[in-house]
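Below is one structure, written out as structure tokens; the observations come after it.
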Amino acid sequence: MRLREATTAEIKATALKHMASSGTAAISLRAIARDMGMTAGAIYSYFDTRDNLVSVLIADVYNALAGTLEAARDSRPHDDPAAQILAYGQAYRGWAVANPEEFRLVYGDPVPDYQPPEGGVAAEAEHRACAVLTGIVAAAWPKAQHLHIGSDHTWSDFDPGFAGLIRESFPDLPPAAVALSLRVWGRMHGLVSLEVYGHLRPQVSEPAKLYRAEMLDLSKSLGHVLVDEAH
44 MRLREATTAE IKATALKHMA SSGTAAISLR AIARDMGMTA GAIYSYFDTR
94 DNLVSVLIAD VYNALAGTLE AARDSRPHDD PAAQILAYGQ AYRGWAVANP
144 EEFRLVYGDP VPDYQPPEGG VAAEAEHRAC AVLTGIVAAA WPKAQHLHIG
194 SDHTWSDFDP GFAGLIRESF PDLPPAAVAL SLRVWGRMHG LVSLEVYGHL
244 RPQVSEPAKL YRAEMLDLSK SLGHVLVDEA H
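Residue numbering for the sequence shown follows our numbering, beginning at 44 and increasing consecutively.
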């Protein structure tokens, strides 16, 4: 059993190494087997298809990210969503910068010809990561809602599957709050993505400083004014 677990971990690590050097198109069971000195038949006893391996990799990445974000959230008082969102955002950026291959796997170009299964471990892990931010926004909503009175969002604006998951996890959250959660994520993700893909490098010498300023401004949309603890 330990040998199988170790081999499985090596297969996944090798897949990420191939992806780091040649992109997502490089994920190939035969290439991984060749690199590890295994036969093609042997590796298929661990992952019967490449898509199965990709799904497991995606689930691993989302679960690792979710664990990082949950720890960041829980490091701040539960009744201080502005502090939580700053901790969350910094943890998100820190994880992405430290793990660019994993970031690209879940947020970059799709793996060529990959057909994600309906539901399954990858979808569950993605929802876990998404729920951390939604939970912070839900906690902030009583103070934030007056800033979004003119919002005309309805549940029909969202994918039915996504809306169903949100309504199950946060039954009291209105569509306007869900839209706010996505906008918050978009602002955080935008700068992080530019940094990971090297687009900030020609213009910015301190991306962490720029990102922190954005996070402090972003906290205002949650109905809180966050003092910059760094100064």
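Where is the CB? At the ideal position from N, CA and C, for every residue including glycine.
Helix, strand or coil at residue i [DSSP, three-state]
| i | result |
| --- | --- |
| Met62 | helix |
| Met44 | coil |
| Tyr131 | helix |
| Met81 | coil |
| Arg119 | coil |
| Pro153 | coil |
| Asn142 | coil |
| Ile70 | coil |
| Gly110 | helix |
Supposed close pair residue i, residue j - CB separation, criterion 8 Å
| i | j | result |
| --- | --- | --- |
| Leu131 | Ile179 | Looking at the sequence provided, one finds Tyr at residue 131 rather than Leu. That pair is a contact at about 6 Å. |
| Thr92 | Pro155 | At roughly 14 Å, the Cβ-Cβ gap does not stay under 8 Å, so Thr92 and Pro155 are not in contact. |
| Arg73 | Ala63 | About 18 Å separates the two Cβ atoms, so there is no contact after all. |
| Ser98 | Pro159 | 7 Å |
Proximal residues to residue i (C-beta, below 8 Å), its chain only, five neighbours per side dropped
| i | result |
| --- | --- |
| Ala183 | Pro124, Ala125, Ile128, Leu265, Gly266, His267 |
| Ser118 | Ala130 |
Cβ neighbours of residue i in the same chain (closer than 6 Å, five flanking residues each side left out)
| i | result |
| --- | --- |
| Leu243 | Leu237, Pro250 |
| Ala219 | His191, Ser194, His196 |
| His274 | Only weak support exists for where His274 lies, its pLDDT of 44 falling under 50; the coordinates are left without a value. |
Neighbourhood of residue i by C-beta, 7 Å cutoff - its chain only, sequence neighbours within 5 removed
| i | result |
| --- | --- |
| Ser224 | Leu176, Thr177, Val180 |
| Arg116 | Gln127, Ala130, Tyr131, Val175, Ile179 |
Check whether residue i and residue j have beta carbons under 8 Å apart
| i | j | result |
| --- | --- | --- |
| His61 | Ala69 | yes |
| Leu112 | His170 | no |
| Thr50 | Ile75 | no |
| Leu100 | Lys55 | yes |
| Val227 | Leu261 | yes |
| Asp94 | Tyr157 | yes |
| Arg172 | Tyr254 | The question names Arg, but residue 172 in the sequence shown is Ala. No. |
Would you mind listing the alpha helix (DSSP H) stretches within the region 194–259 that are 4+ residues and don't spill past its ends, in chain order?
With a minimum length of 4 residues, the continuous alpha helix (DSSP H) runs that stay inside the region 194–259 are 203–212, 218–239.
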